[in-house]
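Working notes, beginning with the structure itself.
Numbering (full-length UniProt numbering), first residue to last: 1 to 453.
Dropping the structure here:
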């Protein structure tokens with residue numbers, strides 16, 4: 001899921017590293033983008049140049065983002081294999097069979113296989129299709145749960161990925177979601193408006209709330225040079241405690257006549273309609289996220305603003321020399337990034353949790369979005385697929401725990417392993433015996449040189 005012209009940098013707590021804007025495809029191991037756009041008219045092309053102050057962390061993250069789609073898939077496969085081993089090792093039947101392993105080794109292997117296969121079977125039936133339920137309509141319900149979980153993950157992941165493409169590490173999606181939830185929820189239960197207008201204004205309020213919260217980061221980055229990692233961490237705390245205050249103060253977000261820190265239920269006119277009927281949790285917010293994915297793809301690959309974003313992300317110094325306003329690019333990127341995270345918050349309160357929400361409405365989605373963006377290689381459709389995968393983990397994890405007794409925490413372990421293996425491409429290549437980037441081309445050149453001599 002790579003784009004050889006647009007690789008995110010600065011995804012760590014250090015300054016963005018220097019890089020180059022290639023004019024054509026790179027070495028083997030970096031997949032070219034057939035839909036890559038050239039510089040639109042009126043936008044100066046950025047020459048390849050070394051930036052200043054390149055950090056080692058930024059270079060490592062650049063390598064992570066430039067890995068091939070195959071490495072992403074293999075990272076997921078390897079994580080599932082390691083997860084299966086952990087499930088087998090912690091299974092009581094496997095441990096009991098291991099007590100007489102040397103006399104009957106097949107019993108241990110069989111018990112381990114049964115534990116792992118049973119857990120993953122429950123994961124599949126809880127996230128994709130349940131064969132035990134009668135009829136297709138009932139069997140497909142787990143898939144709708146997966147898409148429901150994936151909706152805010154995709155939206156927030158798009159926001160984080162867009163910031164990555166500009167060289168910014170936005171780990172403030174949680175705070176942006178919380179502010180968006182407060183804004184969307186306030187409009188959702190506090191006003192009496194016509195049906196369609198009410199929903200549109202509530203969603204818009206959430207997007208604007210997230211954009212403003214993200215814009216604060218972009219403004220401080222552009223005008224004062226404040227590091228976005230520090231600022232977003234602090235703003236996450238500010239957003240959380242601000243929302244907690246609003247939920248505990250009568251007359252603000254707290255439900256009238258209640259002492260609980262929780263909002264009233266959303267008005268029926270401000271709720272996303274169900275796509276498949278009342279028996280399914282999937283709502284129209286998923287369609288909004290699909291549209292958002294298309295818009296972000298077009299923005300990054302077909303627009304002048306997207307070209308400037310990618311140029312700044314590749315090399316801020318070269319972009320500045322070419323006449324691109326780097327500071328404004330940071331500001332606009334964080335506004336859009338925060339708006340996308342705000343869409344995630346709005347989808348939570350207007351689609352998933354419509355009976356009122358508390359300060360935990362983000363449900364860890366803001367941080368999971370970072371993993372989704374990394375797995376998707378910061379490309380819109382890659383993020384879309386990664387969001388659905390993580391939605392499946394969330395939906396199937398509960399089924400796995402209920403059916404097989406496997407703790408749902410194993411899903412978190414698998415997700416963490418995915419990040420680990422994505423961050424270590426040489427390890428994945430070594431496990432699956434893949435050639436290093438450029439090795440095949442170098443070998444061919446050496447053979448040609450040997451034959452010519």
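Ideal Cβ positions, reconstructed from N, Cα and C, are used throughout, including at glycine. These numbers were taken from a predicted model, which means no experiment stands behind them.
Once the 5 residues before and after residue 87 are set aside, which same chain residues still bring their CB inside 7 Å of it? 115, 116, 119, 406, 410
Check: residue 125 C-beta below 7 Å from any heavy atom of the ligand NAP: Ligands in the displayed structure: none, and consequently the ligand NAP is not present.
Counting C-beta neighbours from all protein chains within 10 Å, is the total for residue 96 16 or more, i.e. buried, or is it exposed? exposed
What are the boundary residues of the alpha helix (DSSP H) that includes residue 86? 69-90
Just tell me which of 221, 347, 445, 254 has its CA closest to the CA of residue 177. 347
What does a CB cutoff of less than 7 Å around residue 70 pick up in its chain, not counting 5 residues either side in sequence? none
Where does residue 226 sit, in a helix, a strand or coil, going by DSSP? coil
Whose CA, out of 370, 363, 328, 194, lies closest to the CA of residue 423? 370
Nearest to residue 455 by CA position, among 172, 111, 166, 93, is which residue? This structure cannot speak to residue 455, because the chain is shown only from 1 to 453.
Could you say if the segment 127-142 and the segment 321-332 meet the contact criterion of at least three C-beta pairs nearer than 8 Å? no
Beta-carbon gap between residue 459 and residue 202 smaller than 8 Å: The chain is shown from 1 up to 453; residue 459 falls before or after that span and cannot be answered.
Output needed for residue 403: all residues of its chain with C-beta closer than 7 Å, excluding positions within five of it in sequence on either side, in chain order. 122
Mapping DSSP to helix, strand and coil, what is residue 363? coil
Among the candidates 239, 260, 240, whose CA atom is the shortest distance from the CA of residue 249? 260
Residue-level contact to chain D via CB, residue 258, 8 Å cutoff: No chain D appears in this structure, which consists of one protein chain only.
In whole angstroms, give me the CA-to-CA distance for residue 190 and residue 263. 10 Å
DSSP bridge partner residues for residue 274 (one or two, in chain order): 283
Less than 7 Å between C-beta atoms, sequence neighbours within five positions excluded: which residues of the same chain meet that for residue 281? 144, 145, 148
Could you check how far apart the C-beta atoms of residue 351 and residue 283 are, in whole angstroms? I think they sit under 8 Å. 4 Å
With a cut-off of 8 Å, do at least 3 Cβ pairs link the segment 376-389 to the segment 292-300? yes
Which residues bound the alpha helix (DSSP H) around residue 177? 173-190
Rounded separation between residue 356 and residue 256 - CA only: 12 Å
Separation of residue 362 from residue 211, as counted between CA atoms: 16 Å
Euclidean distance between Cα positions of residue 244 and residue 183: 14 Å
Suppose you measure from the CA of residue 98 to the CA of residue 386; what does that come to, to the nearest Å? 37 Å
Quick check on the DSSP output: the alpha helix (DSSP H) that includes residue 118 runs from which residue to which? 105-127
With a Cβ-Cβ cutoff of 8 Å, do residue 157 and residue 383 count as a contact? yes
Out of 242, 267, 234, 185, which has the shortest C-alpha to C-alpha gap to residue 194? 267
Between residue 26 and residue 72, what straight-line distance do the alpha-carbon atoms span, to the nearest angstrom? Per-residue confidence for residue 26 stands at a pLDDT of 38, beneath the threshold of 50, marking its modelled position as unreliable; no derived number is given.
Determine the direct distance from the alpha carbon of residue 273 to that of residue 454, and round the result to whole angstroms. Residue 454 is absent from the model: the chain starts at 1 and stops at 453.
Can you round the beta-carbon distance between residue 112 and residue 414 to whole angstroms, since I take them to be within the 8 Å contact cut? Rounded, the Cβ-Cβ distance is 17 Å, inconsistent with contact.
Coarse secondary structure for residue 325, derived from DSSP in three states: coil
Euclidean distance between Cα positions of residue 418 and residue 373: 12 Å
Where residue 38 falls, given that 16 or more other Cβ within 10 Å makes a residue buried: Bear in mind that a pLDDT of 45 at residue 38, under 50, signals an unreliable position, so the model cannot answer this.
Span of the alpha helix (DSSP H) around residue 406: From DSSP, residue 406 is part of no alpha helix (DSSP H); its letter is neither H nor E.
Quick check on DSSP: helix, strand or coil for residue 262? coil
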